[in-house]
Every structure is written in C-alpha cells, then in structure tokens.
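Using this note's numbering, the first residue of the sequence shown is number 9, and each one after it goes up by one.
Cβ atoms here follow ideal geometry from the backbone N, Cα and C, with glycine treated the same way.
What you are looking at is a predicted structure, and each value in this text was computed from that prediction instead of being measured.
Structure record follows, encoded as structure tokens.
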Amino acid sequence: MDVSPVVDLGRLSAKATVGEPLPVRATVFREGHDQLAAEVVAIDPKGVRRDPVRMVAEGEEPNRYVAHVTPDVEGEWTFEIHSWSDPIATWQHDGGIKIPAGVDVELMFTEARLLLERVAAGEKPLDKQASALVAGAIAAASDTERPAAARLAALQDPELEAVLLAHPLRELTTVSGPYRFRADRNRALFGSWYEFFPRSEGATRDEKTGTITSGSFRTAIKRLDRVAEMGFDVLYLPPIHPIGELNRKGPNNTLTPGPDDPGSPWAIGSKDGGHDAIHPELGTFEDFDAFVARATELGLEVALDLALQAAPDHPWVTTHPQFFTTRADGTIAYAENPPKKYQDIYPINFDNDPNGICREVLRIVRLWISHGIKIFRVDNPHTKPVAFWEWLLAEVRRTNPEVIFLSEAFTRPAMMHGLGAVGFHQSYTYFTWRNSKREIEDYLREVSSQSDHLMRPNFFVNTPDILPTYLQYGGPAAFKVRAALAATGSPSWGVYAGYELFEHVAIRPGAEEYLDSEKFQVRIRDWDRHDEEGTTLAPYLTRLNEIRRQHPALQLLRNITIHWSDDDNVLVFSKRAALPGGGDDVVITVINLDPHGARETMIHLDMEALGLSWHDSFVAHDEITGADWSWHQHNYVRLDPGYEPAHIISVRSPR
C-alpha cells in the first residue's frame, strides 16, 4: 500500500534521470508473525526486466520499506513491487531465540537444513564460493555432535547471510504495479544556466548623439567564450523574434517610447514576422546557426524562450484572429495582471481554435529544434491549458526525446506540480523568496523529497523580472550567499547577466524590478573594465561551477540532509553520492545568511548521513579557500561575509 512514486494514480510518469537513484517506497505487511521481504523490479523501455533491488526498512515507521532504482537509459520505464513470505528470515528470527533457550533445538536445525537445501537447489545457481558456504551450513545444521551454539554460529555467519539475501526463498508472492517513471537525459537534472540578451552583447553607443546600435548574434558570439569559461552549461536567450511596434513599451515599462526604443522581446511579432522569424537587428538564420554552432563547440547548450503571446502587429492577429479574445467593443484583449497592464501583448485564447493553435505551436517548436535548439524555457505556462502542454510535450518527446522544457511558472504549487507531472522537465521555484534559515531548510526538504517525483527545481538567483530585496540591500556578500546556496542546494541553478557585476538598484523602493530594466532597453556593460578592476563576481561563479562538476553529490536532487547549527543565521546541509569505483562523495555546505555581519557558532553533524560513525573525525577541505580542518560531530565555525560567507566542504579520509 501507499506506493511511491506514483503520479495521477499511475496515469502519468514520475520524474527520473539517467544515473540518478530513484527512491521507491511502499508499506508492506502480512498476517501473522512470519517475516516478509520485498523487492523492486524495474522494467526498461525495451521491456527487459532488470535485476531486482531488495527493499529495506526505512526509519522508525513500521512496515515502511524503500529501495533505490537507478535507470541507465532514457525512456519510459516501469517498476513492480514484489513482496513475499520469507521463510529464511522467519527461521533466523525464531532460531536465534529458540536454540539459545534450548527450545526445539533439533527441530530448528532440521528446518534450517531443509531450507538450505532448497536454496542449494534453487532456480538461481550458486557460484563456487556461495555453494561452499551453503554446503558448510547444511553440514553444521546436520552435525548433532557439535555444540548447539557452534552450529547456530555457523548458520548466522555474515557471509552466509549475504548469500541467503541474494538467493531468497519466496513464498506467497504478491506483485503490485506496474507503475510508470520516465528517465530523462542528465541535463534535465543537472546544469548551470546563464541568461543574456543578444541585443545587449556587443551593442555600442555613439558618444556624440547617444544613439545605441543593437548587438547581434555576430557580436554576441564573442561573449560565449566568457560564459563557457565561467563553467556554465546552458545559455538561455530571451525571445529573439521581431518586436511589435504597436503599443511598444519605453524604458522602465513606460507607455511613451521614443522612436529608437527597442521594446520588450516578449512583445513578439511585427511586419517582419512572428515566432518563426528572427529580429532583423539580431541577424539572419545563418547568423543564429553560427551562434549555436560556436556555443556547441564550447560545450554550451542554447536554450530559447518559448512565449506563446503576440504583439498587436503579430501576423497571427491578421491570419488567425481566432487565436485571441475579442472583447465586447470589438477590440482584442491585451494581457493584464491587475493592476499591471501589458498593452504591448495579446495573450492566446485556446477556447476558439485549440487544434489550430496546437498545430502552429508544434510547427514553431520543430522549426527551432531543426536549428539546434534542444532546450526551451517556456514563459508563463500556467496561463495556458495544462492539457495543451501534456499534448505538446508528448508530441515533441515522440520525435525528439532529448528536448528539455523549463517551466517559468511562479504560481500556486498545484499548478507548478501539475505542469511538471504532464511533462515539463524543470521549473522555476520559490527559491528567490526563501531567505531565512527555516524557510530555506523547509524548501530544500520540499523540492528534494516531497515534490521531486513531480518537479525538478532550477534555482535562479535573479531574472530580468526579479531583483530580490535581499540582493538590493545585502551588498556583494548577499550575491555570494545566494550563488553558493543555489549552486549547492539544487543540481540546476542559474543567473541572469549583470549578477556578477552586483547590479542591485530597483526601479523604486519596495519593488523587485530593476531600474532601467533590460527587458525594455539595451544595456551596455563594460565587461573588460570590471575584469581589469576586479569588481566582478565572475571568479566566484567560476569556482562554484568547478566544484559542482568535480562533485557528483552536487549533481543530484534527492540526497540532501539538513544538519543543525546553534545560530539562526547559519545554515548547514550536506549531499552524498556513491562513487562508481566505490566509496562516497560527500559535500557539506555551511552558509552565513546574514550578509551584514560575521557569525560564529557551533554546528552539529548527522555523522551517519555522511557515511561515518558518530565518533569519527575527518579532514574538512574547504573547496573555496583551500583550507583544511579536522572536523567531527561538533565543530566551531566563523563566517565573515566581508571575507567568505560560506564553507563548501568536501569530506576527506576519516581518521
């Protein structure tokens, strides 16, 4: 009972990733006092049944079991839970009590011999070593001249128990399932994202007239090397399409644009084309292809914004007016989120011509896939029907299973989870607004173990829409804190350009919007000057991404443990992953959440969660500073935001 992960009563697939252990849980029980056992059998996309994984008791809750299944190929998988009466475990329990008490001694040994003979003759052949161990145990159970204690010790030998665990005797087997899960490629889970506006990269300003010349793909291509050098995996571009001229917005979202104001890229469509066109100032499809090709050479995947909305002069308004809402006065309704108004955008209405919209959107998505795009960041998906996304993502997966969709849905949890359940690979999150220690601890638990089967998080520290209050008033230390927290707390994280320059000025007090927002104007940044003066966070971001690549533990979602500190401003958590060659990779993050003052406190570690014994000590290597300390369960730390607000500790050889 209570099997997980199961999504929508099994209609939809739970989230999984190639190489990521997927926890399968269930409540398993039976009548009477005999022992039981359970295992998980995974069936791969080709229908091949993989070796079963034994379930073990989890926590203190009676009859709650867990096993971890790790898919090794992409595609639709299923799993079954097999449970059975376990006569060997029953004998081990009863024999361990009765024989020392002198109760039914010979009867118990006879039953042991019969069970061992069944193991020896079982369907799964024993290897030479296992066969010898079982034969020795049968001899011990049969040897009435040996002391009972010695015979029992032979039957309780750990090596024998390992053989019996691997060759169980199953009686009264029941099967639950199959239950669905889908394994996606690694980038669906792990990646560092960087966002920039191509029109700002390489843009120039005439010193005499102040006229700005837009950047293009040919100028922005020069910025790719720096993005790659910082260790980012994904470069996300806002919409690159022609921008509407009707009702165009001016600087800072004003309604009075000048003749040279470029407008918002999200106001898509003009006389130059719609979602299947490129803004003329950015270049041609040939330029775009060259941009994508260079990014690929550098190990970057280009993510493109998919914003299903239109400017008033989008071709759709003429060719497909049924795609929009016509109001009582005959005008087309523009987008609103009262009191906000978006006069430069017409939202799509799926009620009038859903089939036509579906065909058109699928055509557009496949067009960009043909130009090398394998990742789409989807703008405001929660304002479109969930059934539409379920259909679209399934259609794309059918022909291009490598394509990943990131949901930009800052909305209620039910919708965010629903979008993930129907196929979105990742989602923006509430991370941006989680600042206190308690809030962050609760949220890390939520995304890693409560909603993980529905939604993979991407911790963006800022976006063109969101300048968090914490960054506005926290100084440079706040930028380090949030970057370290996002980079170690989630396998996917992201920054929007300008973060490394500590851009923090809001349009007005109390607002979470940038002054002179790049959404409405070209932003020219002198990257070279900041590099020369050292007024950039780029080296720190680079080091964070290096650490993430070096440590498999930071590339997983479901492996987080929250530890304790005596200070309400000091957060401690760890991640642990098994290494292919044996052993574990363990990383501990300790962060001072107060960007204004140093904090010194004691931290207390759950040593078992680190794979250590309670009295062990170990070398704590700080991946940021290179310092080493000898740590154990209880440790003193001092974190000064003026120096380094965070320890990112790799656990090295226990002493």
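Within the same chain, 94, 95, 96, 123, 126, 127 and 130 come within 8 Å of residue 177 by CB-CB distance, once the 5 residues on both sides are set aside. For residue 31, there is no enclosing alpha helix (DSSP H); the enclosing beta strand (DSSP E) covers residues 30-35. A distance of 8 Å or more separates the beta carbons of residue 84 and residue 60. A contact is defined here as three or more CB-CB pairs under 8 Å, and the region 166-180 fails this definition with respect to the region 12-31.
Boundaries of the beta strand (DSSP E) harbouring residue 595: 592-600, taken from the DSSP string. When DSSP assignments are scanned along the region 382-461, the uninterrupted stretches of alpha helix (DSSP H) that are 4 or more residues long and fall wholly within it turn out to be 394-407, 421-429 and 445-453.
By the Cβ-count criterion, residue 219 is exposed, with fewer than 16 other Cβ atoms from all chains shown falling within 10 Å of its own Cβ. Looking at 612, 567 and 153, the one whose alpha-carbon comes closest to that of residue 574 is 612. Beta-bridge partners of residue 199 (DSSP): 500. The three-state secondary structure of residue 63, taken from DSSP, is coil. Its Cα nearest to that of residue 209, the residue 231 stands out among 201, 217 and 231. Collapsing the DSSP output to three states places residue 550 in a helix. In the three-state reduction of the DSSP assignment, residue 142 falls in the helix class, which pools H, G and I. No residue range can be given for residue 333, since it is assigned to no alpha helix (DSSP H) and is classified by DSSP as neither H nor E.
Contact check between the region 31-48 and the region 64-84: three or more CB pairs, one atom from each, fall below 8 Å, which counts as touching.
Considering only 367, 387, 288 and 49, the residue with the shortest C-alpha distance to residue 318 is 387.
In this structure, the CA atom of residue 410 is about 21 Å from the CA atom of residue 298. The three-state reading of DSSP puts residue 238 in coil, since its state is none of H, G, I, E or B. Per DSSP, the continuous alpha helix (DSSP H) segment holding residue 106 begins and ends at 95-109.
Annotation: the continuous beta strand (DSSP E) that includes residue 187 extends over 179-192.
Rounded to the nearest whole angstrom, the CA to CA distance from residue 452 to residue 389 is 24 Å. Counted as a single uninterrupted DSSP element, the alpha helix (DSSP H) harbouring residue 116 occupies residues 113-128.
When beta bridges are read from the DSSP output, residue 612 appears opposite 572 and 642.
Contact between residue 320 and residue 252 holds: CB atoms are separated by about 6 Å, below the 8 Å threshold.
In this structure, 404 is the residue among 420, 404 and 442 with its C-alpha nearest to the C-alpha of residue 431. Following the DSSP letters along the chain, one finds residue 76 inside the beta strand (DSSP E) bounded by residues 72-77. As the crow flies, the alpha-carbon of residue 393 is around 15 Å from that of residue 314. For residue 300, the enclosing alpha helix (DSSP H) starts and ends at 293-305. Taking the C-beta atoms as reference points, residue 143 is found no nearer than 8 Å to residue 159. Around the beta carbon of residue 248, 16 or more other beta carbons lie within 10 angstroms, which makes this residue buried.
The region 471-488 makes contact with the region 503-510, as at least three CB pairs between them are under 8 Å. Of the residues 20, 140 and 183, the one whose Cα lies closest to the Cα of residue 167 is 140. According to the DSSP secondary-structure assignment, residue 342 is paired through a beta bridge with no residue.
Where residue 262 is concerned, there is no enclosing beta strand (DSSP E), because DSSP gives it neither an H nor an E.
Straight-line spacing of the CA atoms in residue 307 and residue 273 works out to 26 Å.
Note that the C-beta distance between residue 577 and residue 602 is below 8 Å.
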